[in-house]
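*Asks:* Residue numbers (the numbering used here): -5 to 142.
Virtual Cβ for every residue (Gly too), placed ideally from N, Cα, C.
Predicted model only: the values in this text are computed from it and were never measured.
The structure follows.
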Amino acid sequence: MTITTKTTTKPFILPTSGPDHTQLPESDGTFVKNFAEHPQSILLTDSIEPVLERIHPDGQYAIGQDCGIYWRLTEPAYKGAEAPDWFYVPGVPPNLDGETRRSYVMWKEIIPPLIALEFASGDGSEERDQTPLSNTEEGEVSKPGKYW
């Protein structure tokens, strides 16, 4: 079975300035609903760490666990963030100015996460993407990226 997809790129304009990871909230105040999320994310990170060390001998990658990805400027600030249970960004330092990252700020880094995961709990309905399909300019149906 062969699956062919057509990608269309839309211009993405990043703000030239904005707050960094130390100036943005770490939480929107909501409680974690799935107690297994944290152990699952630790297990995933520990499992792939040897592979990541081979891929990135310089250590230039970031792993986020239940951490905000700020991808747009909004008011209040946390509305411009998504906090997947786990994400991986290659080619960025794990720490900034000697500090552990509090969040990942796309307008400062430019590189979007390569992998972002949401661990489903219950029947998974709360975590399911409800973004509707859209049509390309050529009339083909495409599933849009939810964020970046």
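Could you have a look at Asp71 and say whether DSSP puts it in helix, strand or coil?
*Replies:* For the purposes of this step, residue 71 is taken as residue 77 along the sequence shown, with counting starting at 1. Checking the displayed sequence, the identity of residue 71 turns out to be Ala instead of Asp. Correct three-state label for Ala71: helix.
*Asks:* Alpha carbon to alpha carbon, how far is Thr39 from Leu111? Give it in angstroms, no decimals.
*Replies:* Along the sequence shown, read from residue 1 onward, the residue named residue 111 stands at position 117. Along the sequence shown, read from residue 1 onward, the residue named residue 39 stands at position 45. Approximately 12 Å between the Cα atoms of the pair.
*Asks:* Is Val86 helix, strand or coil when you go by DSSP?
*Replies:* Translated into the one-based positions of the sequence shown, residue 86 becomes position 92. Residue state, collapsed to three classes: coil.
*Asks:* Ser35 and Trp80 - do their beta-carbons sit closer together than 8 Å?
*Replies:* In the sequence shown, counting from the first residue as 1, residue 80 sits at position 86. In the sequence shown, counting from the first residue as 1, residue 35 sits at position 41. Contact: yes.
*Asks:* Just to check my reading of the structure: Gly53 and Pro88 have Cβ atoms closer than 8 Å, yes? What is that Cβ distance to the nearest angstrom?
*Replies:* If you number the sequence shown from 1, residue 53 lands on position 59. If you number the sequence shown from 1, residue 88 lands on position 94. Gly53 to Pro88, Cβ: 6 Å. Contact.
*Asks:* Relative to the alpha-carbon of Gln59, which residue among Tyr72, Tyr82, Trp101 has its alpha-carbon at the smallest distance?
*Replies:* Here the question's residue 59 lines up with position 65 in the sequence shown. Selected option, being the one with the closest Cα: Tyr82.
*Asks:* Assuming Gln34 is part of the alpha helix (DSSP H), what are its boundary residues?
*Replies:* On the sequence shown, residue 34 is found 40 positions in, with the first residue counted as 1. Here the alpha helix (DSSP H) through Gln34 covers 31 to 49.
*Asks:* Where does Glu103 fall in DSSP's three states?
*Replies:* Stepping through the sequence shown from its first residue, residue 103 is reached at position 109. The answer is helix: DSSP assigns Glu103 an H, G or I state.
*Asks:* Taking DSSP's pairing of strands, which residues face Glu76 in a bridge?
*Replies:* Position 82 of the sequence shown holds residue 76. DSSP, once it has assigned bridges, lists Ile63 as partnering Glu76.
*Asks:* Which same chain residues end up closer than 7 Å to Leu90 when comparing Cβ atoms and leaving out the 5 residues on each side of it in sequence?
*Replies:* For the purposes of this step, residue 90 is taken as residue 96 along the sequence shown, with counting starting at 1. Taken in chain order, the residues that qualify are His15.
*Asks:* Examine the Cβ distances between the region 90 to 101 and the region 64 to 72 and report whether three or more of them are shorter than 8 Å.
*Replies:* In short, these stretches touch, since the Cβ pair count reaches three.
*Asks:* Exposed or buried, Gly92, counting other C-beta atoms within 10 Å across all chains shown (16 or more means buried)?
*Replies:* Locating residue 92 in the sequence shown gives position 98, where the first residue counts as 1. So Gly92 counts as exposed.
*Asks:* Between which two residues does the beta strand (DSSP E) containing Val114 stretch?
*Replies:* Mapped onto the sequence shown, residue 114 falls at position 120. Note that residue 114 is Ala in the sequence shown here, rather than Val. From DSSP, Ala114 is part of no beta strand (DSSP E); its letter is neither H nor E.
*Asks:* Would you mind sorting Pro78 into buried or exposed? The rule is 16 or more other CB atoms within 10 Å of its CB.
*Replies:* Residue mapping note: residue 78 aligns to position 84 of the sequence shown, counting from 1. Classification of Pro78: buried, given that the 10 Å Cβ count is 16 or more.
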